[in-house]
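Undergrad: My questions all concern the structure below.
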Amino acid sequence: MDIYKEVTDRIIAQMENGIIPWQKPWVAAGSCISHATGKPYSLLNQMMLGKAGEYVTFKQCQQEGGKVKKGEKASMVVFWKWIEQKVEETDEVKEVPFLRYYNVFHIDQCEGLTAKHTFRLPATANADEKAESMIASYVQQSGVKLIHQAGNRASYTPSADTVTLPLLKQFSQNAEYYSTAFHELTHSTGHASRLNRLDKTAFFGTEAYSKEELVAEIGAAALVNHAGLETVSSFRNSTAYIQNWLQVLKNDKRFIVNAAGKAEKAVDLILGAAG
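With my numbering applied, the sequence shown has no gaps in its numbers, which climb one by one up to 275 at the end.
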């Protein structure tokens with residue numbers, strides 16, 4: 001049986017049954033929270049602060065016996081404050097929201113402070129010998145740099161030829177971790193020094209970007225299957241991800257055949273490195 005063709009045919013068959021909601025397979029390694037209360041900041045403030053971890057005001061830092069490191073710059077946190085305001089025409093008193101802000105520092109910017117709140121990760125995914133061997137062989141032969149770090153994104157950076165992945169303990173399933181790893185490694189096969197597939201004009205929202213995402217996910221699905229790690233949920237997640245990008249391509253399902261061909265070459269390159 002041609003496993004590669006079988007995987008692709010099954011993806012197409014599931015897509016014919018409709019869109020399956022895609023879920024990010026890892027848990028974010030923490031968020032931006034108040035050092036004093038342990039509560040997370042609003043979504044807007046999370047975006048503005050950027051770096052996960054605990055934050056304190058200058059005064060809070062001093063009260064705990066710490067001090068802000070010399071030269072460190074504060075970040076702004078905003079909030080709505082309701083105040084009473086009289087309407088002149090009717091003398092009616094209404095509560096009106098006013099946007100306010102205060103400054104905070106990440107505890108890494110301070111001396112004498114340590115984190116008080118521990119963020120628990122699933123830590124239920126385990127390293128798989130066969131999959132790890134496949135990855136190690138390809139990385140060694142190709143020269144791709146593989147970095148693991150606590151975070152909320154997985155990516156391949158062509159300019160640095162680097163794959164960045166969340167930590168294994170951020171995943172609850174083996175299949176989802178390796179699917180994510182193989183997705184990014186499939187991207188790396190498109191580097192100019194390998195299959196020279198990556199389009200320099202490809203950026204989020206473009207057709208070129210969408211097509212490359214399809215190639216990477218089809219390749220990931222085939223590699224997870226080859227490693228013997230596929231589960232029903234991981235396969236459905238891959239199918240949903242592919243369906244999502246096909247929507248950008250106006251559901252041109254004929255393109256999946258072309259993407260599958262490119263993915264096959266990528267898979268062969270990765271498996272070839274493993275012998």
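Glycine included, each C-beta is placed from N, C-alpha and C at the ideal position.
A quick note: this is a predicted structure, and the numbers were derived from the prediction, not measured.
Does the separation of the CB atoms of Ser234 and Ser179 fall below 8 Å?
TA: Taking the first residue of the sequence shown as position 1, residue 234 is located at position 234. Taking the first residue of the sequence shown as position 1, residue 179 is located at position 179. Cβ distance < 8 Å, so Ser234 and Ser179 count as in contact.
Undergrad: Helix, strand or coil: how does DSSP classify Lys94 here?
TA: For this step, residue 94 is matched to residue 94 along the sequence shown. Looking at Lys94 - three-state DSSP - the assignment turns out to be strand.
Undergrad: Rounded C-beta distance between Thr201 and Ala208? I'm assuming under 8 Å.
TA: Within the sequence shown, numbered from 1, the residue matching residue 201 stands at position 201. Within the sequence shown, numbered from 1, the residue matching residue 208 stands at position 208. The Cβ separation is near 6 Å, so the contact holds.
Undergrad: Going along the chain, which residues of its own chain have a beta-carbon closer than 6 Å to the beta-carbon of Ala123, five neighbours each way excluded?
TA: Here the question's residue 123 lines up with position 123 in the sequence shown. Lys169, listed in sequence order.
Undergrad: Could you say if the region 34–44 and the region 80–96 meet the contact criterion of at least three C-beta pairs nearer than 8 Å?
TA: With the cut-off at 8 Å, the region 34–44 and the region 80–96 do not touch.
Undergrad: Gln60 to Ser75, Cα distance in whole Å?
TA: Here residue 60 refers to the residue found at position 60 of the sequence shown. Here residue 75 refers to the residue found at position 75 of the sequence shown. In a straight line, the C-alpha of Gln60 is about 15 Å away from that of Ser75.
Undergrad: Could you please give the first and the last residue of the uninterrupted alpha helix (DSSP H) stretch that includes Leu214?
TA: Start at 1 with the first residue of the sequence shown, and residue 214 comes out as number 214. Segment Glu207 to His226, the alpha helix (DSSP H) holding Leu214.
Undergrad: Can you find a CB in chain D that lies within less than 8 Å of the CB of Ala227?
TA: Protein chain content of the structure displayed is limited to a single chain, and chain D is not contained in it.
Undergrad: May I ask you to verify whether the region 180–191 touches the region 156–170, counting CB pairs closer than 8 Å and requiring at least 3?
TA: The answer is yes - the region 156–170 touches the region 180–191, with three or more Cβ pairs under 8 Å.
Undergrad: Only counting the same chain, and skipping five residues up and downstream in sequence, which positions put a Cβ closer than 6 Å to that of Ala263?
TA: As a working note, residue 263 is residue 263 in the sequence shown. Same-chain partners within the cutoff: Val215, Ile218 and Gly219.
Undergrad: Taking the C-alpha atoms as reference points, what is the distance between Ala222 and Arg197?
TA: Residue 222 sits at position 222 when you count from the first residue of the sequence shown. Residue 197 sits at position 197 when you count from the first residue of the sequence shown. So the alpha carbons of these two residues sit roughly 19 Å apart.
Undergrad: Quick one: is Trp245 buried, meaning 16 or more other Cβ sit within 10 Å of its Cβ, or exposed?
TA: Walking along the sequence shown from the start, residue 245 turns up at place 245. The residue in question, Trp245, is buried, as its Cβ has 16 or more Cβ neighbours within 10 Å.
Undergrad: Under DSSP, the alpha helix (DSSP H) around Val257 begins and ends at which residues?
TA: Start at 1 with the first residue of the sequence shown, and residue 257 comes out as number 257. From DSSP, the alpha helix (DSSP H) with Val257 extends over Phe255 to Ala273.
Undergrad: Give me the Cα-Cα distance between Ala273 and Val7, rounded to the nearest whole angstrom.
TA: The count along the sequence shown starts at 1 and reaches residue 273 at position 273. The count along the sequence shown starts at 1 and reaches residue 7 at position 7. Cα to Cα, Ala273 sits roughly 21 Å from Val7.
Undergrad: Is Val104 helix, strand or coil by DSSP?
TA: By one-based count along the sequence shown, residue 104 stands at place 104. If DSSP states are grouped into helix, strand and coil, Val104 belongs with the strands.
Undergrad: Going residue by residue through the region 102–188, where are the continuous alpha helix (DSSP H) segments of at least 4 residues, counting only ones entirely within it?
TA: The qualifying runs are 129–142 and 174–188.
Undergrad: Who are the near neighbours of Gln141 in its chain, counting only those whose CB is closer than 8 Å to its CB and skipping five residues on each side?
TA: One-based indexing of the sequence shown puts residue 141 at position 141. Once the five neighbours on either side are set aside, the close Cβ partners of Gln141 are Ala273.
Undergrad: If we call anything under 8 Å between Cβ atoms a contact, is Lys98 one with Lys81?
TA: The sequence position of residue 98 within the sequence shown is 98, counting from 1. The sequence position of residue 81 within the sequence shown is 81, counting from 1. For clarity, residue 98 is Phe in the given sequence; the question names Lys instead. Yes.
Undergrad: Report, in whole angstroms, the separation of the C-beta atoms of Phe171 and Ala125, which I expect to be a contact under 8 Å.
TA: In the sequence shown, the residue the question calls residue 171 occupies position 171. In the sequence shown, the residue the question calls residue 125 occupies position 125. Indeed, because the Cβ distance is near 4 Å, the residues count as touching under 8 Å.
Undergrad: Would DSSP call Ser42 helix, strand or coil?
TA: By 1-based counting over the sequence shown, the position of residue 42 is 42. Coil, per DSSP.
Undergrad: Is Gln243 buried or exposed, if buried means 16 or more other CB atoms sit within 10 Å of its CB?
TA: Taking the sequence shown and counting its residues from 1, the one referred to as residue 243 is at position 243. Looking at its Cβ environment, which holds 16 or more other Cβ atoms inside 10 Å, Gln243 is buried.
Undergrad: Excluding sequence positions up to five away, which residues of its chain have a Cβ less than 7 Å from the Cβ of Trp22?
TA: Position 22 of the sequence shown holds residue 22. Counting only Cβ-Cβ distances below 7 Å, and skipping sequence neighbours, we find Asn237, Ala240, Tyr241 and Asn244.
Undergrad: Count the C-beta pairs between the region 151–158 and the region 102–109 that are closer than 8 Å, then say yes if the count reaches three, no if not.
TA: No: fewer than three Cβ pairs fall under 8 Å.
Undergrad: Return the residue from the list Ile107, Arg254 and Thr231 that minimises the CA-CA distance to Leu49.
TA: Here residue 49 corresponds to residue number 49 of the sequence shown, with the count starting at 1. Closest option to Leu49, Cα to Cα, is Ile107.
Undergrad: Helix, strand or coil for Phe235, going by three-state DSSP, please let me know.
TA: For the purposes of this step, residue 235 is identified with residue 235 of the sequence shown, where counting begins at 1. Phe235 falls in the helix class under three-state DSSP.
Undergrad: Return the CA-CA distance between Gly27 and Glu84, expressed in angstroms with no decimal places.
TA: As a working mapping, residue 27 is identified with position 27 in the sequence shown. As a working mapping, residue 84 is identified with position 84 in the sequence shown. It should be pointed out that residue 27 corresponds to Val in this sequence rather than to Gly. Distance between the alpha carbons of Val27 and Glu84: 42 Å.
Undergrad: Less than 8 Å separating the beta-carbons of Leu269 and Arg194?
TA: Within the sequence shown, the letter at position 269 stands for residue 269. Within the sequence shown, the letter at position 194 stands for residue 194. Taking 8 Å as the Cβ cut-off, Leu269 and Arg194 qualify as a contacting pair.
Undergrad: Which whole-angstrom value describes the C-beta separation of Ala175 and Leu229, a residue pair presumed to lie in contact below a C-beta threshold of 8 Å?
TA: Against the sequence shown, residue 175 aligns to sequence position 175. Against the sequence shown, residue 229 aligns to sequence position 229. Right, their Cβ atoms sit about 5 Å apart.
Undergrad: Three-state secondary structure (DSSP) at Ile242?
TA: The sequence position of residue 242 within the sequence shown is 242, counting from 1. The answer is helix: DSSP assigns Ile242 an H, G or I state.
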